[in-house]
Every structure is written in C-alpha cells, then in structure tokens.
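65 is the number of the first residue of the sequence shown in our numbering; add one for each residue after it. The beta carbon of each residue, even a glycine, is placed where N, CA and C say it ideally should be. Just so you know, these numbers come straight off a predicted model, no measurement behind them. Structure first, commentary second.
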Amino acid sequence: MTVGELGRGSLSGSRTIDCKIRTQTSFAASVIHTHAHAGIRTQHTRTVHFSLVHSFTRLILRSKENISKRASISMMKQSLVVLRLTLHALGGILTTIGIGLIVAGTVTPAWQVVNVTEMHAYREHGLWMDCVYGTDRNLAVHQSNPGMACTFKLDKHPASPVADTGNDHWFHVTTLALLCSAAGLGLVGLSMFCCAYCIRVAYIFWAVNTGICMVLACSAVIMFFHVANEFQHRMLHTLTEVYEQKMGYSFWLAVAGSAVYVACLLVNVLCAIIVYVVPSTHTERPRGWMMVNQHEDTLV
C-alpha cells in the first residue's frame, strides 16, 4: 500500500466520521426542535383549554344569573298578580258592604232619637219616616206592629204625636237624595267590578265611581250632622218641657258606609296603579276564557 492510498484512506475515514458527526448533530437538533415544538404546542393547547374552560364557566355563571333573575322577576309578577286579585276581591266586598250600610241607614228611621218622658214615648225621626213607641197608635197613618206607630215625614196629621213639629225638612230630603245617589252609583261600581277582569280601563272608571260615591255619602252625613245640631233642629219642644235629640243608629250606619267607601276608594286606586304600572299583571280575555295579555307579548 502506497502513501497515496494511505492518505486517501485516512481522508475517506475522516470524511465518514465527519458525516456521522453531522448526522448525529442534525438528528439531535431535529429532536431538540421537535421537543421544543411539542412543548410549544402543549403550552398552546393548555392555554386554549384554559380559555375554553374559563369561557364555559363564565357562560354557565351568566346563564345561572339570568335564570335566577328571570325566576325572581317571575315570582315578583306572580306576587303582584296575587296582590291585584286580592285587592280586586277586597274592593268588591267593600263596595257591597258600603252599599248595604248606606241602604240600611236610609231605610231606618233612627237618625234623631229622643225619649219624651212627659208622653212616655220614645221618638225616632228619620229622613223620610218618623216613628214613636209607647203612645196612642190610632193617630198614626201607618201601624207596623203593636207598640210602634210610624208616619211619613211629608204626609202626616198635624195632631199626631208622631209628627215632627218642625216643618223645615230640606236637609232630610237633601240627605236622602245624596245617600240614594251614593247607593245607586255603588251598584254601577259593582258592574265595573265584574268588567275589570276583562278590561283594565274599568279599574279607572271604578275608582272614579267610588270616589263620587264617597263624596256624596260623606257630604250627606256631614251636612246632616251640622244642620241637625243646630238649636232649632236639635231641641224638641213639648207643652211643658224641652228635650234634646241625639243621633241614632241610622246616622251611624250611614257614617260607617261612608268610611267603607273611603277604604274602597283607596283599594281601587292601588289596584289601578298596579295594573297600569305593571301591565303584565292584568289579563284581558277578548274571546272565551283564553288568558291573553294584549298589552305585552307574554302569557300570564
């Protein structure tokens, strides 16, 4: 083997070693690059996964908040519906009671009462009828039962012991007219009470009607109390004595009816406010018994 061959052999060997080193180096570099790229991908995957989990968690929390808000709003609306129906029923009951008290006070005669000891008689002066107990019944125009004699205020015998000696009855007639008007309008209010289930504007008319009834009834009892306490209407003169007339149970029945009308007005106004401030608490039934809310797109 010559020197040239030895040189070429050593050169090829060195080249082979160099190629192996380069191959190992590139393989190591590729492995390192692959590991680095895999680490970057893993980190990116973790970041994306964390973002997705965070977004999903926030979405769930928002959904729960929306559900809780809707549930609270629904419960509040249901509570308002129950409150409106309760006030509606209470208004109808109060209207009926007010009418009954006004009518009872109007038809009974005991607006002014006095015990006439001189005649051994108990007298009751009403708006349209006067009654006396424990006196001669033959002088009375109308006899209802033994021991009691009654006569109409504007149609009686002057000599009758039942008769009211005073001939000025304008305040009796005025009080009677005001109370009859209050009772009649109260009946109209009951029809509005029935219509309010279907038409919410009926609540406004019902409240206005109740307000008018209250004004009429209160004006009647206040006027009667003021005029009846004047000296010429409060004192009853007989042959030898003077007696003071007091307010009887009929007057206090009318006062109670007026107070009930005041309470009914407050209930009606509150009910109308609830219906118009929160329209979804009221349902209108344009056909049959189908509960469709025409003021909003929601079903109640």
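CA nearest to the CA of L158, picked from C244, W192 and G253: If you number the sequence shown from 1, residue 158 lands on position 94. Nearest C-alpha to L158: G253.
Going by other Cβ atoms of all chains shown within 10 Å of its Cβ, with 16 needed for buried, is A241 buried or exposed? Residue mapping note: residue 241 aligns to position 177 of the sequence shown, counting from 1. Exposed, since its Cβ has fewer than 16 Cβ neighbours within 10 Å.
Look at the alpha carbon of I166 and the alpha carbon of L329, and state the distance between them as a whole number of angstroms. Locating residue 166 in the sequence shown gives position 102, where the first residue counts as 1. Locating residue 329 in the sequence shown gives position 265, where the first residue counts as 1. I166 and L329: Cα-Cα distance of roughly 16 Å.
State the DSSP-derived secondary structure class of T170, mapped to helix, strand or coil. To locate residue 170, count along the sequence shown from 1; it is residue 106. Of the three classes helix, strand and coil, the one that applies to T170 here is helix, per DSSP.
If the criterion is Cβ atoms closer than 8 Å, does the pair A336 and Y267 meet it? To locate residue 336, count along the sequence shown from 1; it is residue 272. To locate residue 267, count along the sequence shown from 1; it is residue 203. Closer than 8 Å, so yes.
Straight-line CA distance for L251 to Y186? Within the sequence shown, numbered from 1, the residue matching residue 251 stands at position 187. Within the sequence shown, numbered from 1, the residue matching residue 186 stands at position 122. If I take the Cα positions, the gap works out to 35 Å.
What's the C-alpha gap between V341 and A292? Locating residue 341 in the sequence shown gives position 277, where the first residue counts as 1. Locating residue 292 in the sequence shown gives position 228, where the first residue counts as 1. If you take the alpha carbons of V341 and A292, they lie about 45 Å apart.
Cα-Cα separation, G198 to V265: Indexing the sequence shown from 1 puts residue 198 at position 134. Indexing the sequence shown from 1 puts residue 265 at position 201. Approximately 55 Å between the Cα atoms of the pair.
For the beta strand (DSSP E) containing H301, name the first residue and the last one. As a working note, residue 301 is residue 237 in the sequence shown. Looking at the DSSP string, the run of the beta strand (DSSP E) that includes H301 is M299 to H301.
Cβ pair H184, P173 closer than 8 Å: Residue mapping note: residue 184 aligns to position 120 of the sequence shown, counting from 1. Residue mapping note: residue 173 aligns to position 109 of the sequence shown, counting from 1. Contact flag unset, no.
Look at the alpha carbon of I338 and the alpha carbon of L144, and state the distance between them as a whole number of angstroms. Position 274 of the sequence shown, counted from the start, is the residue given in the question as residue 338. Position 80 of the sequence shown, counted from the start, is the residue given in the question as residue 144. Approximately 7 Å, taken between the alpha carbons.
If we count Cβ pairs, one from each stretch, closer than 8 Å, do we get three or more for the stretch 320-328 versus the stretch 279-296? yes
Identified DSSP bridge partners for K310: Translated into the one-based positions of the sequence shown, residue 310 becomes position 246. Its beta-bridge partners are V177.
Identify whether A260 lies in helix, strand or coil by the three-state DSSP scheme. For the purposes of this step, residue 260 is identified with residue 196 of the sequence shown, where counting begins at 1. Three-state DSSP puts A260 in coil, outside helix and strand.
In the DSSP assignment, find the alpha helix (DSSP H) that holds N293 and state where it starts and stops. Numbered from 1 along the sequence shown, position 229 holds the residue referred to as residue 293. Here N293 belongs to no alpha helix (DSSP H), and DSSP marks it neither H nor E.
Between the C-alpha atoms of T304 and V178, what's the straight-line distance to the nearest angstrom? By 1-based counting over the sequence shown, the position of residue 304 is 240. By 1-based counting over the sequence shown, the position of residue 178 is 114. Taking the straight line joining both Cα atoms gives about 16 Å.
Can you grab the Cα-Cα spacing for the pair S127 / S138, in whole Å? For the purposes of this step, residue 127 is taken as the residue at position 63 of the sequence shown. For the purposes of this step, residue 138 is taken as the residue at position 74 of the sequence shown. Roughly 16 Å between the two C-alpha positions.
Residue closest to A271, alpha-carbon to alpha-carbon, out of G248, V326, Y313 and L317: Taking the sequence shown and counting its residues from 1, the one referred to as residue 271 is at position 207. Cα-wise, what sits closest to A271 is V326.
DSSP beta-bridge partners of E129: The residue you call residue 129 lines up with position 65 of the sequence shown. Answer by DSSP bridge pairing: none, since E129 is not bridged.
Best match in F269, F235, W192 and W234 for proximity to K217 [C-alpha to C-alpha]: Within the sequence shown, residue 217 is the residue found at index 153, counting from 1. Among F269, F235, W192 and W234, the Cα nearest to that of K217 is on W192.
Distance, Cα to Cα, G248 vs T160? The residue you call residue 248 lines up with position 184 of the sequence shown. The residue you call residue 160 lines up with position 96 of the sequence shown. Looking at the two C-alpha atoms, the distance is approximately 12 Å.
Would W234 be called buried (16 or more neighbouring beta carbons within 10 Å of its own) or exposed? As a first step, residue 234 is located in the sequence shown; it is residue number 170 there, counting from the start. Burial call: exposed.
Work out the CA separation of E182 and L300 for me, nearest whole Å. Here residue 300 refers to the residue found at position 236 when the sequence shown is read from its first residue. Here residue 182 refers to the residue found at position 118 when the sequence shown is read from its first residue. Taking the straight line from one Cα to the other gives about 12 Å.
Taking its Cβ as the centre, do 16 or more other Cβ atoms sit within 10 Å of E294, making it buried, or is it exposed? Residue numbering aside, residue 294 sits at position 230 when the sequence shown is read from its first letter. Exposed, since its Cβ has fewer than 16 Cβ neighbours within 10 Å.
Name the one or two DSSP bridge partners that A185 has. Within the sequence shown, the letter at position 121 stands for residue 185. DSSP output for A185 lists V180 as bridge partner(s).
Is DSSP giving V331 helix, strand or coil here? One-based indexing of the sequence shown puts residue 331 at position 267. Helix.
Q296: buried (16+ other C-beta within 10 angstroms of its C-beta) or exposed? Within the sequence shown, numbered from 1, the residue matching residue 296 stands at position 232. Under this definition Q296 is an exposed residue.
Helix, strand or coil: how does DSSP classify T31 here? Outside the modelled stretch of the chain, which goes from 65 to 364, sits residue 31, for which no answer is possible.
Backbone CA spacing between C195 and M212 [nearest angstrom]: Numbered from 1 along the sequence shown, position 131 holds the residue referred to as residue 195. Numbered from 1 along the sequence shown, position 148 holds the residue referred to as residue 212. One C-alpha to the other measures close to 7 Å.
Under a Cβ-count criterion, where at least 16 other Cβ atoms within 10 Å of its own Cβ denotes burial, should Q176 be classed as buried or exposed? Counting from one through the sequence shown, the residue named residue 176 turns up at place 112. Q176 comes out buried.
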